[in-house]
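For reference, the structure discussed in these notes is given below.
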Amino acid sequence: MSTQVLLALPVTAAFAALAYRLGWVSPRGALGGVLVGAPVYACLGPQGFALLVLFVVGGSALTRLGYDRKRRAGGAEARGGRRGARNALANAGVAVLCAVLYALGLSDAFSAAYVAAIGAAFADTAESEVGQLSRRQPRLVTTGRKVSPGTDGAISLPGTLAGVAAAGLTAGLGLALGLIGGWGAAGLVALAAFLGTVADSLVGARLPRLGNEATNVLCTLVAAALALALPFFIA
């Protein structure tokens, strides 16, 4: 059994405990983090886990950014911004699947798909959390109509720019860690991650009753699928 498999559970459990201690996740969120993090570490090692850490730390920081203002507006995350198990599984479930498929040797491209899925989850969080702080009313992505902050399918310029930055940062870290094969591939992964958030917004606007967790899964699934497909269309 490889070292990374042996270390998977203790490393992810330690990080989940730290995240709980810092108030980033609820008790169930910590458990969900272990369920997500352990297979990622086992399949992709510390490099893959580092990307997951980026999402957790970055997402938690953005959630707390202007939290009181978001709470007064009615758009803040519940439980003081602590994320739960459903959130962890919805945001990272597709990424875990990509990590497992990569470890099974089906295709090296699943490493890039993993990065895209994490990037989409991070970008979606950035768009939502930063967008709520915009001084201008967001607009519905399908009609351009002004809507209240936090409305499903609402977009804003600050939120969109934050999403692009988060997608690019994730792809850049994936490149630096050797999970992506080059600058061109990193650009495609960043594009796939951002387009995943576009799909999230479109579905959220059309089907607001679908729920946040379902659209999060769709967001990351679209990003992963595009990361696998885009190289064939652009080559």
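Quick note, the numbering used here runs 375 ahead of the 1-based positions in the sequence shown.
Cβ coordinates follow ideal geometry from the N, Cα and C atoms, glycine included.
Keep in mind that this is a model prediction, so the values were computed, not measured.
>> Closest to residue 466 by C-alpha separation, out of 447, 437 and 430, would be which residue?
In response: 430
> Out of 512, 433 and 384, which has the shortest C-alpha to C-alpha gap to residue 544?
Replying inline: 433
>> Spatial neighbours of residue 561 within its chain, please: C-beta separation below 6 Å, excluding the five flanking residues on both sides.
In response: 546, 550 and 555
> Taking DSSP as the reference, what is the three-state secondary structure of residue 544?
Replying inline: helix
>> Residues in the same chain with beta-carbon distance under 8 Å from residue 508, minus the five sequence neighbours each way, listed in chain order, please.
In response: 440, 441, 444, 445 and 533
> In chain order, what residues of the same chain lie with their CB nearer than 6 Å to the CB of residue 447, ignoring the 5 residues before and after it?
Replying inline: none
>> Please identify the residue among 542, 383 and 599 whose C-alpha is closest to the C-alpha of residue 476.
In response: 599
>> Measuring only the C-alpha atoms, how far is residue 588 from residue 491?
In response: 18 Å
> Which of the three DSSP states, helix, strand or coil, is assigned to residue 555?
Replying inline: coil
>> Using a 10 Å radius around the Cβ and a threshold of 16 neighbouring Cβ atoms, would you call residue 414 buried or exposed?
In response: buried
> Once you ignore the five residues that flank residue 505 on each side, which residues in its own chain have a CB closer than 7 Å to its CB?
Replying inline: 437, 533, 534 and 537
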